[in-house]
Amino acid sequence: MDDEAPTAVPLTDSSPSSSPEIPFLVSISEPEGALRIPEEAAAIEISEVENAEPGEGPQLSFNGNRSNVYDEGQDPVGITIITGYLGSGKSTLVNYILKEQHGRRIAVILNEFGEELGVERAMITEGPQGSLVEEWVDLPNGCVCCSVKHSFVQAIEQLMERKDRFDYILLETTGLANPGPVASVLWLDDQLEASVRLDSIITVVDGRNFLRQLHEPREAGSVTEAYLQIAYADVVILNKMDLVKESSDERDVDQIHREIRSINALVKIVHSERCRVDLGEVLDRKAFDIKHSAHLEVLLAKPVDENVHDSAVKTISFMVNEPVDLERVNDWLGNLLWEPSEGVEIYRMKGVLDIHGSDEMHMLQAVRELYEVVPTREWREGDKRVNHIVVIGKNLRKDEMAETFSKCLVCPNPGDVAGGK
0 MDDEAPTAVP LTDSSPSSSP EIPFLVSISE PEGALRIPEE AAAIEISEVE NAEPGEGPQL
60 SFNGNRSNVY DEGQDPVGIT IITGYLGSGK STLVNYILKE QHGRRIAVIL NEFGEELGVE
120 RAMITEGPQG SLVEEWVDLP NGCVCCSVKH SFVQAIEQLM ERKDRFDYIL LETTGLANPG
180 PVASVLWLDD QLEASVRLDS IITVVDGRNF LRQLHEPREA GSVTEAYLQI AYADVVILNK
240 MDLVKESSDE RDVDQIHREI RSINALVKIV HSERCRVDLG EVLDRKAFDI KHSAHLEVLL
300 AKPVDENVHD SAVKTISFMV NEPVDLERVN DWLGNLLWEP SEGVEIYRMK GVLDIHGSDE
360 MHMLQAVREL YEVVPTREWR EGDKRVNHIV VIGKNLRKDE MAETFSKCLV CPNPGDVAGG
420 K
């Protein structure tokens, strides 16, 4: 299945009112810096998005004919992106979810049915002019399976017409996919947000071959998909650990952990054999729910372990101990994400902000060129009111980034910016 999976989307904003300087984005509006997609974004045509480079920006085209098939007032359905290198065991994870009696009704969107799933096609759905859109299969354990032929957004729309039959959606990407563009579409598209919510990105890693895949030869200045899949992940399933333990010692396992955390210091690592994991590790994590701040607060309360070895893709962090001005923060984010320094690419950002004049903790989250800054809860007695920014990206310059952020301070003081450790 991984070898033959078709590509899914880059998206181009052909809307005449869109800003050429800020592809895909239109405005920053309430609540306080939350990014919004234009209301006229009625439908998305998808092609090649998984291969879009971060600097290019996702591209949207709107056809204006999208109908609202979702009931207002209902909670959105969670959707988890599953990605992983070829041969990592991603298909094994999908197979486990589709066949085990886990008590959940999950719809799995596959790129294509593979023989390894052992699932016979029960129904074929055709689109306009008889074009094959996807194939649907109802499974004995209550799950639903479909394969994407052209547009994962179209598959989600048609799934939602059957929403009484499932509670959750998994979207499987191709083995060579960069999950960033797909996540951007699902995260802040207002048309889809009423029906689904991006929950998390799960990356399956072949523990036995990970180090080789990570450091395979590549063109100068480029990074492998293995780096990108780790950089965007909320959870890494380190699979085939039984084989790793048979062929190596604990030092090799420690090195794998160090490599993963040098790329993404915030990711959770879960060991597995044949991808048999507690589904609570991959479902309903609310990693993109900025209001669900408990897990993020815990992560950001700890020093981020920045690996000092030379790596193009890595995590950096810094802290500022004085309140910042929200408008200046928005300007800083706009410059950082939309007009980055040469060679710099931002994949993900997370942070806690102490906004001047507000009694509420503000949370920052960014994926590629998209970001949100929204209030969460009031600062409590005993809280250390601090700004803590964590950035995952390529060719990051920590000192330069911290220096420019210091200009967001209400009363700038060069001594207020500290490192992440």
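Anchor point for the sequence shown: position 196 equals 195 in numbering that gives the first Met the number 0, and the numbering is continuous, going up by one each time. For glycine and all other residues, C-beta sits at the position ideal for the given N, C-alpha and C.
Item to check | Rounded C-alpha distance that separates residue 230 from residue 386 | outcome: The alpha-carbon atoms of residue 230 and residue 386 are separated by roughly 22 Å.
Checklist entry - Any idea which residues DSSP pairs residue 263 with across the strands? => result The partner list for residue 263 (beta bridge, DSSP) is empty, contrary to what the question assumes.
Checklist entry - Can you give the Cα-Cα distance for residue 315 and residue 74, rounded to whole angstroms? => result Taking the straight line from one Cα to the other gives about 35 Å.
Item to check | Strand pairing of residue 255, partner residues [DSSP] | outcome: Residue 255 is not bridged to any residue.
Next on the checklist: Could you check whether the stretch 335-343 touches the stretch 357-372, counting it as contact only if at least three pairs of C-beta atoms, one from each stretch, sit closer than 8 Å?
Outcome noted: Below 8 Å, enough C-beta pairs join the stretch 335-343 and the stretch 357-372 to call them touching: three or more.
Item to check | Proximity below 7 Å, CB of residue 290 to CB of residue 202 | outcome: No, they are not a contact pair.
Next on the checklist: Would residue 444 and residue 240 qualify as a contact pair, given that the criterion is a beta-carbon distance under 7 Å?
Outcome noted: Lying outside 0 to 420, the shown extent of the chain, residue 444 is not represented and no answer is given.
Next on the checklist: What does the alpha-carbon distance come out to for the pair residue 360 and residue 318?
Outcome noted: Going by C-alpha positions, residue 360 is about 15 Å away from residue 318.
Checklist entry - So residue 385 is in the beta strand (DSSP E); what residue range does that whole segment cover? => result Careful: residue 385 lies outside any beta strand (DSSP E) and carries neither H nor E.
Item to check | Segment limits, alpha helix (DSSP H) that includes residue 246 | outcome: Per DSSP, residue 246 belongs to the alpha helix (DSSP H) from 240-246.
Checklist entry - Taking residue 166 as the reference, which of 274, 261, 76 has the closest Cα? => result Taking only the C-alpha atoms, the option nearest residue 166 is 76.
Item to check | Coil, strand or helix - residue 395 by DSSP | outcome: Correct three-state label for residue 395: coil.
Checklist entry - For residue 119, does the count of other Cβ atoms within 10 angstroms reach 16, so buried, or fall short, so exposed? => result Its pLDDT being 35, under 50, residue 119 is placed unreliably by the model, and nothing is read from it.
Checklist entry - Are at least three pairs of beta-carbons, each pair with one atom in the stretch 84-101 and one in the stretch 265-280, less than 8 Å apart? => result Taking 8 Å as the limit for Cβ pairs, the verdict is that the stretch 265-280 does touch the stretch 84-101.
Checklist entry - Can you name the start and end residues of the beta strand (DSSP E) that residue 313 belongs to? => result Residues 312-319.
Item to check | Beta-carbon proximity of residue 225 to residue 266, cut-off 7 Å | outcome: The Cβ atoms of residue 225 and residue 266 do not sit closer than 7 Å to each other.
Checklist entry - Which word fits residue 353, buried or exposed, when buried means at least 16 other C-beta atoms lie within 10 angstroms of its C-beta? => result Buried is the call here.
Next on the checklist: Can you look up residue 215 in the DSSP assignment and give me helix, strand or coil?
Outcome noted: Secondary structure at residue 215: coil, using DSSP grouped into helix, strand and coil.
Checklist entry - Are the Cβ atoms of residue 263 and residue 342 separated by less than 7 Å? => result 7 Å or more divides the Cβ of residue 263 from the Cβ of residue 342.
Next on the checklist: Can you give me the C-alpha to C-alpha distance between residue 363 and residue 154, rounded to a whole angstrom?
Outcome noted: Note on geometry: alpha-carbon atoms of residue 363 and residue 154 lie some 30 Å from one another.
Item to check | Same chain, Cβ closer than 7 Å to residue 258, neighbours up to 5 away in sequence not counted | outcome: Its chain contains 210, 213 as the residues whose beta carbon lies nearer than 7 Å to that of residue 258, once the 5 sequence neighbours on both sides are disregarded; these appear in chain order.
Checklist entry - When DSSP labels each residue in this structure, what does residue 67 get in the three-state scheme? => result Because residue 67 carries a pLDDT of 35, less than 50, the predicted location of this residue cannot be relied on, and no value is offered for it.
Item to check | Check whether residue 408 and residue 323 have beta carbons under 7 Å apart | outcome: Going by beta carbons, residue 408 and residue 323 fall inside the 7 Å limit.
Next on the checklist: I need the boundaries of the beta strand (DSSP E) containing residue 349, first residue and last residue.
Outcome noted: Residue 349: member of the beta strand (DSSP E) spanning 344-353, first to last residue.
Checklist entry - Nearest CA to the CA of residue 164: which residue from 238, 330, 250, 103? => result The shortest Cα separation from residue 164 among 238, 330, 250, 103 belongs to 103.
Checklist entry - Which of helix, strand or coil does DSSP assign to residue 376? => result Three-state DSSP puts residue 376 in a strand.
Checklist entry - How many angstroms separate the CA atom of residue 350 from the CA atom of residue 391? => result Cα to Cα, the separation comes out at about 12 Å.
Next on the checklist: Can you list, in chain order, the residues of its chain with a C-beta nearer than 6 Å to that of residue 377? Leave out the 5 residues immediately preceding and following it.
Outcome noted: Here the set comprises 358, 359.
Item to check | Helix, strand or coil at residue 85 according to DSSP, with G and I counted as helix | outcome: Looking at residue 85 - three-state DSSP - the assignment turns out to be coil, as it is neither helix nor strand.
Item to check | Unbroken alpha helix (DSSP H) run spanning residue 326, endpoints | outcome: First-last of the alpha helix (DSSP H) with residue 326: 325-337.
Next on the checklist: Using a 10 Å radius around the Cβ and a threshold of 16 neighbouring Cβ atoms, would you call residue 160 buried or exposed?
Outcome noted: The residue is exposed, with fewer than 16 neighbouring Cβ atoms inside 10 Å.
Next on the checklist: Using the three-state DSSP reduction, which class does residue 370 fall into: helix, strand or coil?
Outcome noted: In this structure, residue 370 counts as strand in the three-state DSSP scheme.
Next on the checklist: My assumption, with CB atoms under 8 Å, is that residue 177 sits in contact with residue 205. Please give the rounded CB distance.
Outcome noted: Contact doesn't hold; Cβ gap of about 18 Å is too wide.
Checklist entry - Who are the Cβ neighbours of residue 410 in its own chain at under 7 Å, not counting the five residues just before and after it? => result Around residue 410: 321.
Next on the checklist: Just to confirm, is the Cβ distance from residue 207 to residue 235 under 7 Å?
Outcome noted: Not in contact: residue 207 and residue 235 (Cβ atoms no closer than 7 Å).
Checklist entry - So residue 229 is in the alpha helix (DSSP H); what residue range does that whole segment cover? => result Counting along the chain, the alpha helix (DSSP H) containing residue 229 begins and ends at 224-230.
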